Amino acid sequence: LGPIAQDLWSSPGTDEKGYFGYSTFRPYQREIIQKVLDGRDCLAVMATGSGKSICYQIPPLVTKKTAVVVSPLLSLMQDQVMSLKQKGVKSEYLGSTQMNSSVSNEAEKGAFDVLYMTPEKAISLPSRFWSNLQAAGICLLAVDEAHCISEWGHDFRMVYKQLHSLRDLLVGVPFVALTATATERSFIRDEVLVMVATIAFGMGIDKPDVRCVIHYGCPKSLESYYQESGRCGRDGLPSVCWLYYQRSDFTKADFYCSEAKNGTQRKAIMDSFMAAQKYCLLATCRRRFLLQYFGEECNTDCGNCDNCTAVKNERDLSKEAFLLLSCIKSCGGRWGLNLPIDVLRGSRAKKIVDNNYDKLQMHGRGKDYSSNWWKALGGLLIAHANSVAVFSLTKEESITKRFDFVCKQMAYYLTAEMIELEEHGSSHH
Ligand code: ADP
Ligand code: ZN
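Sequential numbering of the sequence shown, starting at 65, is according to UniProt numbering.
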């Protein structure tokens, strides 16, 4: 595409910069245009304003054949035709109700670079029109606002379903479907008040007045959380972020790490995930933690986050932390959290008795707290432990390192979950 496109950018048209006056392609434009020029069909789902139009406006200029564009709205077509004409691109539109036979007569002789038409018009044109136009040369058939084919959206247009009949008429012509998806339209127009989506939705959405972002589950990394939660309040007005997590979210590390190609990547993925976990469990100022994580100097609390506004629950948990960790150590560090916690709570389960763990001095010394409370403490300690040191070590070594690290840090804040467990004895997370 290089030299040809360069010409279109910078030669014939009406100004010295060429037809469009752009200096570079935006993401995916080159790929889509190349696909069309290769004669391939293409579905382009790109955010509103990302520049879908030139994907079907460039190929006719390159091939000197007509691009047929099916578009649902007359006003949209009028705008496009006008702006193309101004750029020196030959363009017209065929509406469904007009009797514009002169336009269609010219059109079928290949007089236009870009020929717009409504879907109704497209399916009602006689096959003679299409065979004539194809003889003159058609470089592509674009279906704009392609989401109109979806019965789920309120933009649904029955006639879009009939467009497939053009396939039989236009053998060998690449079809390009373009959409920003009905839901994105985005939501952007305020017709959708609540959007439930995967993280993929957040990308490219730049809506200034999103008031609330809710994460369901611990994010994959603190970097992505920062970006995703940053989707709200772009207009600077007060907005809220909720983050729901449960401890089982923290077991997804291996899943995320499976994407890693080598040890360095694995460590990077792990570090970011551990930071996200730590953020979940954080009991100090969240803004301060975030800014510091991203390398900004920040020595004051924000006074605004849940932790800043909550009643402080700082308590020295070193005794409990020590008890839990020494129990894990005494059990050989190979049982995870549940069995050592059962030991602390005085269980005489077969596994415990068989291994003589009921003879350990800490057996039964953790009865005052529920097993969920201990699990929450375990989660807290893991989040505070240095993941860097831990993952390059063998299992036995890592337990010892973690133990040393955690024991050096003597004061912990209780997490919201632990407070809840102390007060109500059950977890709502
Ligand atoms: P969409 O149809 O995806 O909503 P448009 O095709 O209307 O987006 O393009 C949005 C804007 O981006 C237009 O003003 C267009 O002129 C501009 N644009 C498109 N491609 C480029 C490019 N490669 N460089 C600079 N501006 C571009
Ligand atoms: Zn704060």
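Using N, Cα and C, we set each Cβ at its ideal position, and we do this for glycine too.
Source: prediction; values computed, not measured.
By the rule of a C-beta closer than 7 angstroms to any heavy atom of the ligand ZN, the residues picked out are Cys349, Arg350, Arg351, Arg352, Asp365, Cys366, Gly367, Asn368, Cys369, Asn371, Cys372. Of the heavy atoms belonging to the ligand ADP, at least one sits nearer than 7 angstroms to the Cβ of tyrosine 86.
Minimum Cα-Cα distance from phenylalanine 239 among the listed residues Leu441, Asp406, Leu485, Val207 corresponds to Val207.
Around the beta carbon of arginine 352, a 10 Å sphere encloses 16 or more other beta carbons of the protein chains shown; the residue is thus reported as buried. Its chain contains Cys349, Arg351, Cys372 as the residues whose beta carbon lies nearer than 6 angstroms to that of cysteine 366, once the 5 sequence neighbours on both sides are disregarded; these appear in chain order. Ranked by how close their Cα comes to the Cα of valine 145, the residues Glu170, Leu354, Ser117, Gln98 have Ser117 in first place.
The Cβ neighbour count for proline 183, taken over all protein chains shown within 10 Å, is at least 16; the residue is labelled buried. Distance from the Cα of tyrosine 290 is smallest, within the candidate group Gly297, Leu354, Gln329, for Leu354.
Under the three-state reduction of DSSP output, leucine 158 falls in the strand class. Around leucine 485, the same chain offers Ser434, Asn436, Trp437, Ala440, Ser491 as residues with beta carbons nearer than 7 angstroms, after the five sequence neighbours per side are excluded. Contact between isoleucine 263 and serine 229 does not hold, since the beta-carbon distance rounds to 38 angstroms and is not under 8 angstroms. Relative to the ligand ADP, serine 114 has its C-beta within less than 7 angstroms of a heavy atom. Taking cysteine 212 as the centre and dropping the five residues before and after it, the same chain places the C-beta of Pro136, Asp219, Phe220, Arg221, Tyr224 closer than 7 angstroms to its C-beta, in chain order. Looking at the backbone, the Cα of valine 237 and that of glycine 300 are separated by about 48 angstroms. In this structure, tyrosine 120 keeps its C-beta atom at 8 angstroms or more from the C-beta atom of leucine 233. Separation of glutamate 95 and cysteine 106 (C-alpha to C-alpha, rounded to the nearest whole angstrom) is 10 angstroms.
For the pair leucine 387 and methionine 338, the CB atoms are not nearer than the 8 angstroms cut-off. Exposure of alanine 332 is indicated by the presence of fewer than 16 other C-beta atoms within 10 angstroms of its C-beta. Cα atoms of glycine 400 and leucine 408: separation of roughly 14 angstroms, rounded to the nearest angstrom. Residue pairing by DSSP places tyrosine 120 opposite no residue, since no beta bridge is assigned to it. Note: threonine 243 is bridge-paired with Val109 in the DSSP secondary-structure output. With contacts defined by Cβ atoms closer than 8 angstroms, serine 336 and leucine 286 form a contacting pair.
Per the coordinates, the alpha-carbon of glycine 85 lies some 18 angstroms from the alpha-carbon of valine 178.
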